[in-house]
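To convert, count from 1 in the sequence shown and add 4; that's the numbering used here.
Yeah, the Cβ is synthetic: ideal placement off N, Cα and C, and Gly gets one too.
Fair warning: this is a prediction, and the values are worked out from it, not measured in the lab.
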Amino acid sequence: MELEQMTPRRPYLFRAFYDWILDNELTPYIVVNTSVYGVLVPQEFIQNNQIILNIAPQSVGQYLATNEQIEFNARFSGVPQHIVVPMAAIEAIYARENGVGMGFEDEPQYSIQSESLSSQSKSESKPNPFRVVK
């Protein structure tokens, strides 16, 4: 089986590093590429098409990680928001305290996926289904 036919490695490695960081009583942070389709984060905190998010259990609510994305509720400057980060947008996960973690390489499955989503979004003009949690 060719690599392109396999499922992406990123969700599995992400969950392993997330658990490892928590097991060592450290704070998991992720680096998110905000130019990837489907990213829903507060725009005012984006710098150079990136945002760094604290995803520690004590910092987020209703955390859910699937093979496709992570989502959770968090407060930014006191304002509660619902955050959605597709796995394709996660560039790295690391521990805040010591910087130990892992950067993710590009995977062909995500470039194929983003090309099809990009062509769909051009042909379909759907309203954004996401909202700010109040």
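Annotation: Tyr33 to Ser81 spans about 18 Å, alpha carbon to alpha carbon.
Relative to Asn71, the option among Ser39, Gly103, Ile50 and Ile94 whose CA is nearest is Ile94. For Pro90, the uninterrupted beta strand (DSSP E) segment begins and ends at Val83 to Pro90. Per DSSP, reduced to three states, the secondary structure at Leu7 is helical. Taken through DSSP and simplified to helix, strand or coil, Tyr22 comes out as helix. Runs of the beta strand (DSSP E) lying entirely within the stretch 39 to 90, each at least 3 residues long, are 54 to 58, 65 to 69, 73 to 80 and 83 to 90 in chain order. Val83 sits exposed, since fewer than 16 C-beta atoms from the chains shown fall within 10 Å of its C-beta. With a contact defined as Cβ atoms closer than 8 Å, Tyr22 and Ile97 qualify at about 6 Å. Distance check between Asn102 and each of Leu30, Val35, Gly65 and Glu48 places Leu30 closest, using alpha-carbon atoms only. If the five residues before and after Gly107 are omitted, its C-beta is found closer than 7 Å to the C-beta atoms of Glu95 and Ala96, all from its own chain and listed in chain order. Scanning Arg19, Met10 and Glu8 for the CA closest to the CA of Gln73 turns up Arg19.
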